[in-house]
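Novice: Under my numbering, the residues of the sequence shown are numbered 15 to 586, in order.
Glycine included, C-beta positions come from ideal geometry on N, C-alpha and C.
Keep in mind the model is a prediction, meaning the values are calculated, not measured.
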Amino acid sequence: MAGPIHYEVYVRRTAPAAWTLLIATEDRKAALETAEEQFQAKQAVAVRVTKETLDPETMEFNSLTILNLGLPEEKSKKKPEAAARPACGSPKELYAPHARALIGRVLEDWLKRHGVTAFELLHRPDLAERLDASGVELQHAVQKVAVPESQAGGQDLHGMVRHYQRLADATISQLMKAGRSGQFPSLDDLSIADVAHRLSGSADRAFIMGGVAAQALADRQGARARLDRLMDLMDGAPTEGPPRALVVSVVEQIATEMLAIRSNLADILGPSLDLGASLAALVRMVAPKEVERLIAVDPRMGLLTPTVDGPAARLGSRIAAGDFPRLSAALARFITRELSSSRRLRPSDPAGEIDILRTLAMALTSASGRLLTLEEVQNAFVDRSRSLVTPDFVASYVQSCATVLVEAEHLTRLCENVTGAANKRAAARWLSGCVKSVRLEAELRQSTPGGPNASQKLLTLARLQRSVRAVQLGEIDEREIAASIGTLGGTLEADAGLISQIARASAAVTQKLGVLLRMAAGETAPLGPAADRARTEALRMLRASEVKDALSVEPEASAALNALMPAAGIRL
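1) Apart from the five residues on each side of it in sequence, which residues of its chain come closer than 7 Å, Cβ to Cβ, to Arg3?
2) Along the chain, where does the beta strand (DSSP E) that runs through Glu66 open and close?
3) Buried or exposed: His177, going by 16 or more other Cβ atoms within 10 Å of its Cβ?
4) Which term fits Val161, buried or exposed, when burial requires 16 or more other beta carbons within 10 angstroms of its beta carbon?
5) Could you work out which residue in Gly500, Val432 and Ala346 is closest to Leu293 when comparing CA atoms only?
6) Beta-carbon within less than 6 Å of Gly118's beta-carbon, same chain only, minus the 5 sequence neighbours each way: which residues are those?
7) Using alpha carbons as the reference points, say which of Val408, Lys106 and Leu359 lies closest to Asp9.
8) Does the distance from the CB of Ala58 to the CB of Val25 come in under 8 Å?
9) Between which two residues does the beta strand (DSSP E) containing His20 stretch?
10) What do you get for Val408, buried or exposed, if any count of 16 or more other CB atoms within 10 angstroms of its CB means buried?
11) Alpha carbon to alpha carbon, how far is Met315 from Val305?
12) Could you give the first and the last residue of the continuous beta strand (DSSP E) run that contains Gly84?
13) Can we say the segment 359–371 touches the segment 271–283, given the rule of at least three CB pairs closer than 8 Å?
14) Indicate the three-state DSSP secondary structure (helix, strand or coil) for Lys106 in the structure shown.
15) May I have a chain-ordered list of the alpha helix (DSSP H) segments no shorter than 4 residues that lie completely inside the segment 459–487?
16) Between which two residues does the beta strand (DSSP E) containing Ala38 stretch?
17) Distance, Cα to Cα, Leu136 vs Asp337?
18) Out of Tyr21, Ala31, Gln52 and Leu189, which one is the CA nearest neighbour of Lys43?
19) Would you kindly work out how many angstroms separate the C-alpha atoms of Arg13 and Ala147, rounded to a whole number?
20) For a test of the three-state rule: what should DSSP assign to His137, helix, strand or coil?
21) Quick check on the DSSP output: the alpha helix (DSSP H) that includes Lys401 runs from which residue to which?
22) Would you say Glu537 touches the ligand NAP, meaning its beta carbon is less than 7 Å from a heavy atom?
23) Have a look at Asn431, Leu341, Ala327 and Thr404 and flag the residue whose alpha-carbon is nearest the alpha-carbon of Thr373.
24) Would you call the segment 550–561 and the segment 524–542 touching, i.e. three or more CB-CB distances under 8 Å?
25) Does the segment 368–383 come within contact of the segment 325–340, defined as at least 3 CB pairs closer than 8 Å?
26) Compare the Cα-Cα distances from Ala476 to each of Pro463, Ile495 and Ile490 and report the closest residue.
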């Protein structure tokens, strides 16, 4: 059903002018007459009348033009698009961080074979000469850059290839010329501090210092030895001012590229570590103070977090001192990427994977604000939790459980250690299926010689129920799972007639009341039918006159029972 209607009159005073509202009225005839008068009196070169109908559902007006007189609107001329240019136009632009990252990707295999980074390639004449002599690999790298860029920008592929080939040749020539002219001082004759002070104020100081640092790594093989050499450069760096900043900047860039390679990280932290232990060691390296504080509070965390020593410990000290903010941010992003990936932290140990994940969560949360925001940490663990509730992981996680009850306890722990509403619901479904299964009921109702008795089984169910309430599942899931455990406890108690046995036992009244009140409070039996029957029996006994007389002569026992009554839901 249409809503209110009104009419709007628009005019254009000159041909290039925009439309302006003249009047708005509910009288159709008045709107049309006004528009025609404006046009005939030559007060406007064009007039337009629109009918505006209000949609009561969306509360928006639907417009319909009912009169249009005069000159048509002039179409605006499109501005000519600027010709697309290559991403890099000069050798200097190849030294930018994003360009080095691209070089690292297109020359990944070559750099890995020679054990160097893109930064070193751009600052070592011998490496540039070696790459130039390879021919084919440089040509393939140029094509990897030129093809996608020409497709994205609609440019000529052959022209783009020629451009980047010329750019590569010019960069190699410039670097080799710098090497031949002795532009890069040797640290055999000078200290890194002397070089930094001499370069202070020079226009090419970053390029030259990069060449000095890259050349200092030339005789070092392996990421661990190369990182150790970089830390030596930091130890010899000036203590303050621009000269120190120059050394720190160059070392940070090389270390960032070096540690971005997974194989280098394995060499530095320990090749025998799995992904979970490597990430824990990495967190300990970038946040040593926070991790040490956590280990002091929880020594078990020290068993799960590998010790960081050698050049990794030296780097950690530098990061803790605030020397390498970009490197620490890059390592933090690497950690969150790995956590968000589908790679298992401990492929052959599902329970250990949950332990190491909990350790990482504590460490990263403690370091949040300095390395990552709390939101980034939470998002990473939500992504990782998604892999913990998949059928494959859950099946491997409970595979070693000897009984169904142990399986339920394991799944409760899984619920405790996943985060995110959807992941909590998925984990709760696994636990609910186990608790409600016929297998669990059959296992608990079956009595085996030497096995747990009814009281022990009820105690185990009570602990399981309390654990379920503590893992912060959704309200509905928690209520349903806890109720299922309570119902199962009621069945076990009824089968054994445990409450009746307690009531008929020859023990002292205070002892029997204590047992019943603990059952009613959910300490030794799950809340549900069994706890309700224990509460009813306790109330019956408390109302008996002989029980009141017995309690009156035992004030200490009476006080202990009075302390249990509120938790058992009893008020006298």
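Specialist: Checking against the coordinates, here is how it stands:
1) Summary: the structure shown does not reach residue 3, with the chain confined to residues 15 through 586, and so no result is reported for it.
2) Ala60 to Asp69
3) buried
4) exposed
5) Ala346
6) Ala132
7) Nothing in the structure corresponds to residue 9, since the chain is present only between 15 and 586.
8) yes
9) Ile19 to Arg26
10) buried
11) 9 Å
12) Glu74 to Gly84
13) no
14) helix
15) 468–484
16) Thr34 to Thr39
17) 24 Å
18) Tyr21
19) This structure does not reach residue 13, given that the chain is present from 15 up to 586, and the question cannot be answered.
20) coil
21) The amino acid occupying residue 401 in the given sequence is Ser; Lys does not appear at that position. Element bounds for Ser401: Leu388 to Leu402.
22) Ligands in the displayed structure: none, and consequently the ligand NAP is not present.
23) Asn431
24) yes
25) no
26) Ile495
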